[in-house]
Amino acid sequence: MNPDETEPLTGSGDLKREAEKTLGSARRRYGLLARMLFVTLDLVYGRKRTLSKFKVLEVIARVPYQAWEHVAYIAVTHTYRWPDFARRIFDFVKESRAQQDNEQWHLLILEELVQKKGIREGFFRHRLLPQFIAFFFYHTSWLLYVIRPALSYSLNADFEDHAEHEYMEFAKENPSFEHEPFDSTFRENYARLSNLADLFRRIGLDERMHKEESLNRIEKARFS
Ligand SMILES: [Fe+2]
Ligand SMILES: [Fe+2]
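Oh and the sequence shown: position 109 is 114 in my numbering, straight run, nothing missing.
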């Protein structure tokens, strides 16, 4: 959820309305790198939306924020003689870290669900390969950021837009989730939601906020 938001939406009615908004809106026109990533994921994990596939998305989702945080810390090291400027960079670090933490909850909640449902996963496809893809995505995000931050934000906006739509579609195509309670050890850390459909709609809404944050940064970069 949005780290700046004191009262995140958790009611079923509100979340359903937000899901409708996503499902009624067109996806972004994804760039080449994002399309390559989505095609690779479809080829390796199948086109069908599954908990295991979403878990792979979440392993990857954290790394752009880690890459930006890394570059920003280097920048702080080089600019601390100008405290006001260094502080603005540090505010950016804190924001990136909050989003990274949010993705971390998504990942832990999904892992817990996979284990509870007894879904079998292979070591190579579900443990090793996601880390390789994340490694590649980290360096791509890092390099794009160093070349031009807007390029890295744009790739992330594509990734988050895709995740937003996929989660909302997942909630819609699984009506049984409406009756499965969200019973998790992470409930207090994440959000008190009544069922799994609301959980996926809530995660989808988080992804929309991450996307909007990246789009705002593109705008800021344009006018600075
Ligand atoms: Fe996520
Ligand atoms: Fe996200």
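Note that beta-carbon positions come from the ideal geometry of N, C-alpha and C, so glycine has one too.
Every value quoted in this text rests on a predicted model; they were computed, and no experiment measured them.
- For A24 and I208, the gap between their C-alpha atoms comes out near 10 Å.
- The DSSP-derived three-state label of N194 is coil.
- As for any alpha helix (DSSP H) of minimum length 4 sitting wholly inside the region 28-102, the runs are 37-50, 56-66, 68-84, ordered along the chain.
- If you draw a straight line from the Cα of T190 to the Cα of S159, it is about 34 Å long.
- By the CB criterion at 9 Å, R206 and K21 fall inside the cutoff.
- In the three-state scheme derived from DSSP, where H, G and I count as helix and E and B as strand, N200 is classed as strand.
- Contact between the region 192-201 and the region 164-184 is present, with at least three C-beta pairs closer than 8 Å.
- Annotation: the continuous alpha helix (DSSP H) that includes D163 extends over 154-178.
- Going by C-alpha positions, A80 is about 10 Å away from E74.
- The closest heavy atom of ligand 1 lies less than 8 Å from the beta carbon of N107.
- Counting of Cβ neighbours within 10 angstroms places P180 among the exposed residues, the total staying below 16.
- P135 sits in a helix when the DSSP states are folded into three classes.
- Note on geometry: alpha-carbon atoms of F43 and T82 lie some 36 Å from one another.
- Counting C-beta pairs closer than 8 Å gives fewer than three between the region 86-105 and the region 142-159, which falls short of the contact rule.
- When distances are taken from the beta-carbon of I208 to the heavy atoms of ligand 1, the shortest one is below 8 Å.
- Classified as exposed, N194 has fewer than 16 neighbouring CB atoms from the shown chains inside 10 Å of its CB.
- Contact check for F175 against R54 passes: the beta carbons are separated by less than 9 Å.
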